[in-house]
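J.: The structure that follows is given in the form of structure tokens.
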Amino acid sequence: MEAFVRETGRAVVIPNDNINTDIILPKQFLKNILNTGFGKDLFFDWRYNADGSLNEAFELNKPAHQGASILITGNDFGSGSSREHAVWALTDYGFRAVIGGEFSDIFYMNSTKNGLLPIVLPEENRKILRGVQADENIQIDLPEQTVTYKNYTFHFDINSQWKEKFINGEDDIDNTMKYEKLIAAFEKQRPNFGRRQYMEQAMNLQQRMDTTKETATFYRVFAMIAAGMILDGADVYLASAVNSAIVSTHFATLAQGSVFLSSGFLGLFFGSIFAGFIGDFLGRRKAYSTNLLIFGVLTLGAAFATNIWMLVGLRFFAAIGLGAEIVTGYALINEFAPIKNRGRWSGVTSVIANLAAPLTVLLAASVIPRYTWRAMFVIVGVLALILWVVRRHFPESPRWLIACGEYDKAEKIIEKLEVNGSYSTNDSSVKRQPVKTRIGIGLLVATVAVSAVNLTQYTFTSWMPTLLIKQGIEVVHSLTFSAVMMAGAPIGALIGALLVDVIGRKKVIVSAFVMTAVFGMIYSQQHTTVGILTVGFLVVTMMYILMASVVGVYMSELFPTYFRFRGTGYANGVAKILTVLTPYFAAWAITQFSANLIFYFIAAVALIAAIVVVVYGPETKQKAIH
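So this is what it looks like as structure tokens:
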């Protein structure tokens, strides 16, 4: 704070007694945690009339009193609430000292901590001072502890420590820092026990996790996560391809096809929520061990469904198992990967996952005409069960173990992860600054962004083959066209993976949302094969840049370890429950209006998400997650 030794200045007299802090600064102005900008609102109800005009009769508004630095007032000044803002308003206006009969204890202490000198003088002294004229000065000499006006000199008392702080311009922090070396020496010799020891151990383990280089153990973890993500991606397009087939073969009506698609999204919603709680409270490994068993068995069972409603039921329960996959997968890769390459590995996971898009559609184009849609469920179900067997020995997340205080278990896993050494902490790309986002803001940004990605992607890709069939294109050709457009999925995911660690998460995400809206609108106007394929490819590319950057990287970085699975689970859950409704909307739009309404919807959702990320989203590039 500014030093106070001697002050010679003009004074203004407001002689009232019992001036409380609500008079000094009314409560409606307590909107800032900074100590500046409050001077204009000082004595607001006295300085301004009801219509907002200046009250020219009030002392502070008189031209002769402008620039006054000393306030002379009555008894019991600063009573009422303990708001520090009242002192800030006085100092921001320009007052260096307040002379009164007595002060509220809290106001007095707030004044000494913020550079406003409170001086207590008896009534007979203040009576003389109240005669000060606008062109006369009062001198305050703090070392001598005197107030001088004309030929009068009045002595005041002040605590010697507070006096020294004012003269030296020191606040409480400055005063503490004078003893920094002594404090540091004491901390070094203090026994290492209790919570301090655990905190130091936790910080050390976190540091090692942040900087460890990729090893064989990491690559095994990555491979198992990526394989699970391929299944997740395959399932989306499995549903799309199967839906077009069951509608075209009259196994289901268009409306029943919508129910089939929605049942999967509804199952994913419940799976996301359950996985979030299991992962945060019981461990990542438990959330990641049985989900594929559920998905594999029930997906295999769907191949033998005798009617559409049996297929819907099996689809719903299978999706509950799969719902854990995307919640746990991306969160786990972020927890295992070092800061330096976290975005890259999450993005690469998304690239591999999204290879499932064109591959699944191509597989469906080959398999469904020959063996019917049932064969697709057999293939995906068997692959899920194989992966479940392989993944039974998946290691627990060290970050989760650290958050739970299981330091010894975390240590053993970290040792396996750092056999190749560590990235230097002096590397400019290895920053220890943590992500600082309130959980509420993180939930808002994650939920809106992930919901927008899911709504745009699933609305477009789930109905792409069906829309082509409605235009008179045969099933085989519609699936082939879809596969060409879906080739943009791995390309978009690769672009996202390459950019997020270079230019940052926010720039990539906002740009991709805007371009999704633009290309989506352009696609709605295409009627030629070339136009449909070209623009459709671009739409998919933008959507999967978002899939890689939002779902793959950004979402799990917004939450601390103790809340990461629940946060990602909630965001995914809301996204999935919203996508439950989109098939009905799409079916209604197609039958009642035109497919163009779908693309207007995609554009609107993408633009809203871009705005939310711009306004509320933090940049998490190269920042530690704790």
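Counting in this note's numbering, the sequence shown runs from 1224 upward without gaps.
Beta carbons: idealized from backbone N, C-alpha and C, even for Gly.
1. Do the CB positions of residue 1224 and residue 1382 come within less than 8 Å of each other?
2. Please classify residue 1651: is it buried, with 16 or more other beta-carbons within 10 angstroms of its beta-carbon, or exposed?
3. Candidates 1438, 1710 and 1280: which alpha carbon is nearest residue 1584's?
4. Is the separation between the beta-carbon of residue 1559 and that of residue 1645 shorter than 8 Å?
5. Counting pairs of Cβ atoms below 8 Å between the region 1465-1477 and the region 1753-1772, do you hit three or more?
6. Sorted by chain position, which residues of the same chain lie with C-beta nearer than 7 Å to residue 1850's C-beta, five sequence neighbours on each side aside?
7. Does the distance from the C-beta atom of residue 1775 to that of residue 1496 stay below 8 Å?
8. Which residue's Cα is closest to the Cα of residue 1837: 1707, 1671 and 1766?
9. How far does the beta strand (DSSP E) with residue 1378 in it reach, from first residue to last?
10. Going by DSSP, what residues sit across from residue 1788 in a beta bridge?
11. What is the C-beta distance between residue 1715 and residue 1763, in whole angstroms, given that I count them as a contact (C-beta under 8 Å)?
12. In the DSSP assignment, find the unbroken alpha helix (DSSP H) run with residue 1295 in it and report its ends.
13. Is residue 1394 helix, strand or coil by DSSP?
14. In this structure, how does DSSP classify residue 1698 when only helix, strand and coil are distinguished?
15. Ordered along the chain, which non-local residues of its own chain (more than five positions away) have a Cβ less than 8 Å from that of residue 1461?
16. Can you look up residue 1749 in the DSSP assignment and give me helix, strand or coil?
17. Could you tell me which whole alpha helix (DSSP H) segments of length 4 or greater appear in the region 1531-1601?
18. Can you list, in chain order, the residues of its chain whose CB lies under 6 Å from that of residue 1841, leaving out five sequence neighbours each side?
19. State yes or no: is the C-beta of residue 1309 within less than 8 Å of the C-beta of residue 1317?
20. Between residue 1822 and residue 1502, is the Cβ-Cβ spacing less than 8 Å?
21. Any contact between the region 1484-1493 and the region 1607-1621? By contact I mean 3 or more CB pairs, one from each, below 8 Å.
22. Out of curiosity, what's the CA-to-CA distance linking residue 1824 and residue 1673?
23. If we ignore side chains and look at the alpha-carbon of each, how far apart do residue 1358 and residue 1233 end up?
24. Counting C-beta neighbours from all protein chains within 10 Å, is the total for residue 1442 16 or more, i.e. buried, or is it exposed?
25. Classify residue 1340 as helix, strand or coil using the three-state DSSP reduction.
26. Based on DSSP bridge pairs, tell me the residues matched to residue 1229.
27. I'd like to know whether the C-beta atoms of residue 1449 and residue 1607 end up nearer to each other than 8 Å.
28. Does the beta carbon of residue 1306 fall short of 7 Å from some heavy atom of the ligand SAH?
29. Distance check for residue 1528 and residue 1500, CA to CA, integer angstroms please.
30. Quick check: the Cα distance between residue 1547 and residue 1752, rounded to an integer number of angstroms?
31. Any contact between the region 1505-1524 and the region 1619-1638? By contact I mean 3 or more CB pairs, one from each, below 8 Å.
32. Starting from residue 1478, follow the alpha helix (DSSP H) in both directions and report where the run begins and ends.
33. Buried or exposed: residue 1229, going by 16 or more other Cβ atoms within 10 Å of its Cβ?
34. Rounded to whole angstroms, what is the Cα-Cα separation between residue 1769 and residue 1739?
35. Strictly under 8 Å for the Cβ-Cβ distance: is residue 1507 near chain C by that measure?
36. Output the distance between the C-alpha atoms of residue 1730 and residue 1835, rounded to the nearest integer angstrom.
T.: To lay it out plainly:
1. Between residue 1224 and residue 1382, the C-beta spacing is not below 8 Å.
2. For residue 1651, the predicted model reports a pLDDT of 47, less than 50, meaning its position is unreliable; a value from the coordinates is still stated below. Residue 1651 comes out exposed.
3. 1710
4. no
5. no
6. Here the chain comprises residues numbered 1224 to 1849, so residue 1850 is not present and cannot be evaluated.
7. no
8. 1671
9. 1375-1378
10. Paired residue(s): none; residue 1788 is not in a bridge.
11. 7 Å
12. Here residue 1295 belongs to no alpha helix (DSSP H); instead the beta strand (DSSP E) covers 1293-1295.
13. coil
14. Residue placement at residue 1698 is flagged as unreliable, the pLDDT there being 47, under the threshold of 50; the coordinate-derived value follows with that caveat. DSSP, read as helix, strand or coil, puts residue 1698 in helix.
15. 1583, 1587, 1599, 1600 and 1603
16. coil
17. 1531-1559, 1565-1577 and 1579-1594
18. Its chain contains 1660 as the residues whose beta carbon lies nearer than 6 Å to that of residue 1841, once the 5 sequence neighbours on both sides are disregarded; these appear in chain order.
19. Taking 8 Å as the Cβ cut-off, residue 1309 and residue 1317 do not qualify as a contacting pair.
20. no
21. no
22. 16 Å
23. 7 Å
24. Classification of residue 1442: exposed, given that the 10 Å Cβ count is below 16.
25. strand
26. 1364
27. No, the pair does not count as a contact, with Cβ atoms beyond the cut-off.
28. The ligand content of the structure shown is nil, which means the ligand SAH is not present either.
29. 32 Å
30. 38 Å
31. The region 1505-1524, when compared against the region 1619-1638, does touch it at the 8 Å Cβ threshold.
32. 1477-1504
33. exposed
34. 9 Å
35. As a matter of chain content, chain C is missing from the structure shown, which is built from one protein chain.
36. Rounded to whole angstroms, residue 1730 to residue 1835 spans 13 Å at the Cα level.
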